[in-house]
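Visitor:
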Amino acid sequence: MCGIFGYMGPKQAAPILVEGLRRLEYRGYDSSGIALKNGDFSIYKKTGKVVELQSILPEKLHGNVGIAHTRWATHGGVTDPNAHPHLSENGKVVIVHNGIIENSRTLRNLLKKKGVVFNSETDSEVISHILEYELNRDNSPTDALRRTLSKLVGTWGLCAIFLDHDVMLCARNGSPLIIGQGDGETFVSSDPHALSTHTQRVVFMDDGDIATLTTDQITMSNIHGDSFDTDITVLEEEWEEAELGEFEHYMLKEIYEQPDSLRQCINGRLDRVRGNGRLGGLNLTPLELSKLPHVRLLGCGTAYHAAEIGGLLIESLARVPSVAHIASEFRTNEPVVNPNALHFAISQSGETADTLSALKEIQLKGGSVHGVVNVVGSSIARQCGKGVYIHSGPEQAVASTKAFSNMVAALTIFSIQVARSRSLSKEKGKEIINGLQQIPHLIEEYLANQGPIMEAVDLVKDAKSVLFLGRGISAPVAKEGALKLMEVAYIPCLAYPAGEMKHGPIALLEEGSPVIFIVPNDHVKEKSRSAIHECRARGAKIILIHEQGDDISDEGDINIAIPKVNNYLSPMLTVLPLQLISYHAALALGCDVDRPRNLAKSVTVE
Ligand code: F6R
């Protein structure tokens, strides 16, 4: 979603800012812009990709201080004037803003009455005008910002520079901002990933924080005027920019990275001797684990599907009631929170606003929340303060693939850990732990021999709609397959637990309708076989994902075999053909696989 990058120091800012924007590109956006201070402000904005912005920048663009932004439209269409940065009326203040100003309409009307002329339809522009107004009332820039923020309702990650003052100001409320401290230079970014080539020394801003920056000083305060010490964190993990290498797209590269990223996730976390998991960040004693009344898992999109799988595993292995919740629904549904229960907030980016608000609601009601997060130091990881990192490495395609598998792996280890503290035997624990250890190898085996993926692509690519069906642990996998195909190839997809098919979706079936069945060799296989026959009888064409050598393997019109796998672990294998079908269908339809339309990698608005 929206991204911010800022620089002040001895170097020319323009190339640093453009490179920063390029590194933020994977988050998804529709326009970008840059402002440089060079005696005056030079501002350039352009709809489209960062290369479009680059194409309108003059060859020599001077200035050692600047701010830049990638926008994902919320208020006002995708146009050049609506792109950030936004300049104040007298041209002395320029701002970039992530988030939503909920009372912008009222503020805009008040400002208009004072004669202010607006140049955009955005909610953000009010900030530059109010900041200028407060500055004109003899306030210091930081005091002017404080007074401005006190008038705003909503969320912000905000960065401002001033023509007459050598400071850059930042403020955070609900939208991430990280400050990077270099040698005589200061950086600002909404994503630590974009800072890592410049410095490892960073300050993660918290909600309510204001930062006053010079080239060599970071001064922290809050909206009430209290100052506090600057807490510098040294980033442990350098997120080198992932190069495409031999791959044409990040999505395919990340599908192929799954064996290695899974190894990163499970290494050191499997106790093969005791048949147990070893997730350090959970900090729960066996006694606490044994007393859990229930578990709730929250996430959105792909993370929610991983949460559903985690919930099923915890319930069936550990015999603790477990439910997955769509985070965007949770907070507004007036949930009852049991402080003794365990909650998980699951998120690749760690910045999803819906998940963040749900977890804050749980904490407000006395509940405790563990994060299952990929991005180290992200808002969700920090708000939880405990949990596990899934260690997928940077996921740059908008469609999530390797993070899904690692979320499932981390939740599987957790399920075993709770199960072992309750009734699961050492032998059974060992069986699953050994199975998990084998998964990266089985994924490699499947990727080397993928089966008739292109035949499946031919069947789905021109379909009116595609139905995905699975039972038990394969029902969330069906949902994940449908989400993936829909988001990258824009094909309407439906996913249902296979048993529900006859209660409604069967009405969609006609001669040739594609139905994708996910049927590993588990206890619900025979029930799925009946559902296949019911679809077949209505003329549907079946794409069947099954285990190698299984007796169901010729029930489909197109049969895709995955290696034999432990029943509890099948999602990490069955999801692979679905990811590949989505990727190749998107390519066949000429879609922008890594940057599907309208989507953003990190959804920072509710
Ligand atoms: C699907 C996808 C989205 C995300 C969802 C949550 O491919 O990427 O559905 O899974 O927006 O994002 P995170 O995991 O960052 O909270």
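Be aware that the sequence shown starts at -13, since it is given in this note's numbering, and climbs by one per residue.
Even glycine gets a Cβ: it sits at the ideal position worked out from N, Cα and C.
Predicted model, so just to flag it, every value in this text is computed and none were measured.
1. Rounding to the nearest angstrom, what Cα-Cα distance links Leu10 and Ala157 in this structure?
2. Residue ranges of each beta strand (DSSP E) run of no fewer than 3 residues wholly in the region 26 to 55, ordered along the chain?
3. Please classify Val36: is it buried, with 16 or more other beta-carbons within 10 angstroms of its beta-carbon, or exposed?
4. Sort Glu520, His519, Ala395, Gly267 by Cα distance to Tyr554 and report the nearest one.
5. Determine, using beta-carbon pairs with one atom in the region 475 to 494 and one in the region 512 to 527, whether at least three such pairs fall under 8 Å.
6. Does the beta-carbon distance from Ser499 to Ala526 come in below 8 Å?
7. Would Ile531 be called buried (16 or more neighbouring beta carbons within 10 Å of its own) or exposed?
8. Taking 8 Å as the cut-off, decide whether the C-beta atoms of Ser175 and Gly6 are in contact.
9. Do Ile419 and Arg258 come within 8 Å of each other at the CB atom, strictly closer than that value?
10. Just list the beta strand (DSSP E) runs in the region 448 to 524, keeping only unbroken ones of 3 residues or longer that don't cross its boundaries, in chain order.
11. How is the beta strand (DSSP E) around Ile209 delimited, first residue to last?
12. From Asn253 to Ser106, what distance separates their C-alpha atoms?
13. Identify every residue that forms a DSSP beta bridge with Asn84.
14. Tell me the DSSP secondary structure of Asp109 in three-state form.
15. Please go through the same chain and pick out, in chain order, the residues whose beta-carbon is closer than 6 Å to the beta-carbon of Leu138, but skip the five residues on each side of it.
16. Verify the CB distance criterion: does Val452 have a CB-CB separation below 8 Å to chain C?
17. Just grab the DSSP bridge partners of Phe330 for me.
18. Out of Pro491, Tyr476, Ile544, which has the shortest C-alpha to C-alpha gap to Leu573?
19. Any chance the CB of Thr341 is under 7 Å from a heavy atom of ligand 1?
20. Are Gly231 and Phe400 close, meaning C-beta to C-beta below 8 Å?
21. Let me know the alpha helix (DSSP H) ranges lying completely inside the region 351 to 409, each 4 residues or longer, listed in chain order.
22. Assign Met154 to one of three DSSP states: helix, strand, or coil.
23. Based on DSSP bridge pairs, tell me the residues matched to Leu22.
24. Give me the Cα-Cα distance between Thr205 and Leu199, rounded to the nearest whole angstrom.
25. Using 8 Å as the threshold, is the C-beta distance between Leu283 and Ile218 below it?
26. I need the DSSP call for Thr200, collapsed to helix, strand or coil.
27. Give the straight-line distance between the Cα atoms of Pro71 and Val82, rounded to the nearest whole angstrom.
28. Please state whether DSSP places Asn584 in a helix, a strand or coil.
29. Ligand 1 heavy atoms versus the CB of Gln334: any closer than 7 Å?
30. Among all the DSSP beta bridges, which residues are the ones paired with Leu73?
31. Under a three-way DSSP split, which group does Val446 fall into?
32. According to DSSP, what are the bridge partners of Asp257?
33. Quick check: is any heavy atom of ligand 1 less than 7 Å from the C-beta of Ala289?
34. Between His489 and Leu480, what straight-line distance do the alpha-carbon atoms span, to the nearest angstrom?
35. Can you tell me whether Glu111 is buried or exposed, with buried defined as 16 or more other CB within 10 angstroms of its CB?
36. With hydrogens ignored, establish whether the beta-carbon of Cys286 is closer than 7 Å to any heavy atom of ligand 1.
Guide: Concretely, from the data shown:
1. Counting from 1 along the sequence shown, the entry for residue 10 is found at position 24. Counting from 1 along the sequence shown, the entry for residue 157 is found at position 171. Between Leu10 and Ala157, the alpha-carbon positions lie close to 19 Å from each other.
2. Within the region 26 to 55, the complete beta strand (DSSP E) runs of at least 3 residues fall at 27 to 33.
3. Start at 1 with the first residue of the sequence shown, and residue 36 comes out as number 50. The C-beta of Val36 has 16 or more other C-beta atoms within 10 Å across all chains shown, which makes the residue buried.
4. The residue given as residue 554 occupies position 568 in the sequence shown. Checked all of Glu520, His519, Ala395, Gly267; the closest Cα to Tyr554 is Ala395.
5. By the C-beta criterion, the region 475 to 494 is judged to be in contact with the region 512 to 527, since at least 3 inter-stretch pairs fall below 8 Å.
6. Reading the sequence shown from its first residue, position 513 is the one you call residue 499. Reading the sequence shown from its first residue, position 540 is the one you call residue 526. Going by beta carbons, Ser499 and Ala526 fall inside the 8 Å limit.
7. Working through the sequence shown from its first residue, we reach residue 531 at position 545. Buried, by the Cβ-count rule.
8. The residue labelled residue 175 in the question sits at position 189 within the sequence shown. The residue labelled residue 6 in the question sits at position 20 within the sequence shown. Yes. Within cutoff.
9. What you label residue 258 is simply residue 272 of the sequence shown in a count that begins at 1. What you label residue 419 is simply residue 433 of the sequence shown in a count that begins at 1. Cβ atoms of Arg258 and Ile419: closer than 8 Å.
10. DSSP assignment within the region 448 to 524 yields the following whole beta strand (DSSP E) runs of 3 residues or more, N-terminal first: 452 to 456, 479 to 483, 500 to 505.
11. Position 223 of the sequence shown holds residue 209. Unbroken run through Ile209: none, as it is neither H nor E.
12. Within the sequence shown, the letter at position 267 stands for residue 253. Within the sequence shown, the letter at position 120 stands for residue 106. Approximately 51 Å, taken between the alpha carbons.
13. The residue you call residue 84 lines up with position 98 of the sequence shown. Under DSSP, Asn84 forms a beta bridge with Gly143.
14. As a position in the sequence shown, residue 109 is number 123, starting the count at 1. The answer is coil: DSSP assigns Asp109 none of H, G, I, E or B.
15. Position 152 of the sequence shown holds residue 138. Non-local beta-carbon contacts of Leu138 in its own chain, meaning distances under 6 Å to residues more than five positions away in sequence, involve Ile87 in chain order.
16. Here chain C cannot be found, since the structure has a single protein chain.
17. Sequence index remark: in the sequence shown, residue 330 carries index 344 (1-based). Phe330 is bridged by DSSP to Leu283, His356.
18. Counting from 1 along the sequence shown, the entry for residue 573 is found at position 587. Minimum Cα distance to Leu573 is reached at Tyr476.
19. Here residue 341 corresponds to residue number 355 of the sequence shown, with the count starting at 1. Yes, ligand 1 has a heavy atom inside 7 Å of this Cβ.
20. Here residue 231 corresponds to residue number 245 of the sequence shown, with the count starting at 1. Here residue 400 corresponds to residue number 414 of the sequence shown, with the count starting at 1. Judged by beta-carbon spacing, Phe400 lies beyond the 8 Å limit of Gly231, meaning their Cβ atoms are not closer than that value.
21. DSSP runs (the alpha helix (DSSP H)) wholly in the region 351 to 409: 365 to 370, 388 to 407.
22. Residue numbering aside, residue 154 sits at position 168 when the sequence shown is read from its first letter. Strand at Met154.
23. Here the question's residue 22 lines up with position 36 in the sequence shown. The partner list for Leu22 (beta bridge, DSSP) reads Ser28, Gly52.
24. For this step, residue 205 is matched to residue 219 along the sequence shown. For this step, residue 199 is matched to residue 213 along the sequence shown. Pairing Thr205 with Leu199, the inter-Cα distance amounts to about 6 Å.
25. Within the sequence shown, the letter at position 297 stands for residue 283. Within the sequence shown, the letter at position 232 stands for residue 218. Result no, Cβ atoms of Leu283 and Ile218 do not sit closer than 8 Å.
26. The sequence position of residue 200 within the sequence shown is 214, counting from 1. Shown here, Thr200 sits in coil according to DSSP, grouped into three states, outside any helix or strand.
27. Your numbering for residue 71 matches position 85 in the sequence shown. Your numbering for residue 82 matches position 96 in the sequence shown. Take the alpha-carbon of Pro71 and the one of Val82: they are about 5 Å apart.
28. Residue 584 sits at position 598 when you count from the first residue of the sequence shown. Coil, per DSSP.
29. Here the question's residue 334 lines up with position 348 in the sequence shown. Checking the Cβ of Gln334 against ligand 1 gives yes.
30. As a first step, residue 73 is located in the sequence shown; it is residue number 87 there, counting from the start. According to DSSP, Leu73 bridges with Val80.
31. Residue 446 sits at position 460 when you count from the first residue of the sequence shown. In the three-state reduction of the DSSP assignment, Val446 falls in the helix class, which pools H, G and I.
32. Working through the sequence shown from its first residue, we reach residue 257 at position 271. DSSP output for Asp257 lists Asn262 as bridge partner(s).
33. Locating residue 289 in the sequence shown gives position 303, counting from the first residue. Correct: Ala289 has its Cβ closer than 7 Å to ligand 1.
34. Residue numbering aside, residue 489 sits at position 503 when the sequence shown is read from its first letter. Residue numbering aside, residue 480 sits at position 494 when the sequence shown is read from its first letter. A straight line joining the alpha-carbon of His489 with that of Leu480 spans about 14 Å.
35. Along the sequence shown, read from residue 1 onward, the residue named residue 111 stands at position 125. In summary, Glu111 is buried, with 16 or more beta-carbon neighbours lying within 10 Å of its beta-carbon over all protein chains present.
36. Within the sequence shown, residue 286 is the residue found at index 300, counting from 1. Cys286 has its Cβ nearer than 7 Å to a heavy atom of ligand 1.
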